[in-house]
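Shown next, in structure tokens, is the structure this report addresses.
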Amino acid sequence: MALDAIFAADIRKINPELLLVVSAEEQQDRQNQDEIVGYAKQIVSGVVASFAEIDDRIEAFSHTWSVDRMPAVDRAILRVAVWEILFNDEVPDAVAISEAVALATQLSTDGSGTFVNGLLGAIAGTKTAR
1 MALDAIFAAD
11 IRKINPELLL
21 VVSAEEQQDR
31 QNQDEIVGYA
41 KQIVSGVVAS
51 FAEIDDRIEA
61 FSHTWSVDRM
71 PAVDRAILRV
81 AVWEILFNDE
91 VPDAVAISEA
101 VALATQLSTD
111 GSGTFVNGLL
121 GAIAGTKTAR
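Residue numbers for the sequence shown follow full-length UniProt numbering, so the first one is 1 and each next one is one higher.
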């Protein structure tokens, strides 16, 4: 849900928090939606609040690729994962990386899983203890 909102907002150039509200309303009759929507809101709000820092980290470790040149789905996956790595102590870095790699492998280009893995591993490796 959070990934969808961040991806669609990037493509449509609108605030992902607005898209998440619409998505949550569409899903309100499903089981366990309160927990899912709550965590999705936490992710989206966190990505929005730290957007510049997240994109700066992605650019710093992607070497020859600017964020704008990356496939939109890769940008969305990386933004969520970098937020989880840097700002969410409840998700182990290895889990954030593994989930991001799986999503990139499933949803993006042939080389995206490897690219996402290397980039997130480098970012996680430089994280200072809090």
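Cβ atoms here follow ideal geometry from the backbone N, Cα and C, with glycine treated the same way. Given the structure is predicted, the values throughout are model-derived calculations rather than measurements.
- prompt: Just how far apart, CA to CA, sit residue 38 and residue 83?
  reply: 16 Å
message: Helix, strand or coil for residue 110? Go by DSSP, reduced to three states.
response: coil
query: So, is residue 111 buried or exposed, given that buried needs 16 or more other C-beta atoms within 10 angstroms?
result: exposed
query: Which class does residue 97 belong to by DSSP, given the choice of helix, strand or coil?
result: In the structure shown, the three-state DSSP call for residue 97 is helix.
Residue 88 (DSSP reduced to helix, strand or coil): coil
message: Among the candidates 116, 88, 125, 96, whose CA atom is the shortest distance from the CA of residue 42?
response: 88
- request: Would you decide whether residue 69 is buried or exposed? Buried here means 16 or more other CB atoms lie within 10 Å of its CB.
  value: exposed
message: One question on the structure: do residue 7 and residue 73 come within less than 7 Å of each other, judged by their Cβ atoms?
response: Using a Cβ distance threshold of 7 Å, residue 7 and residue 73 count as a contacting pair.
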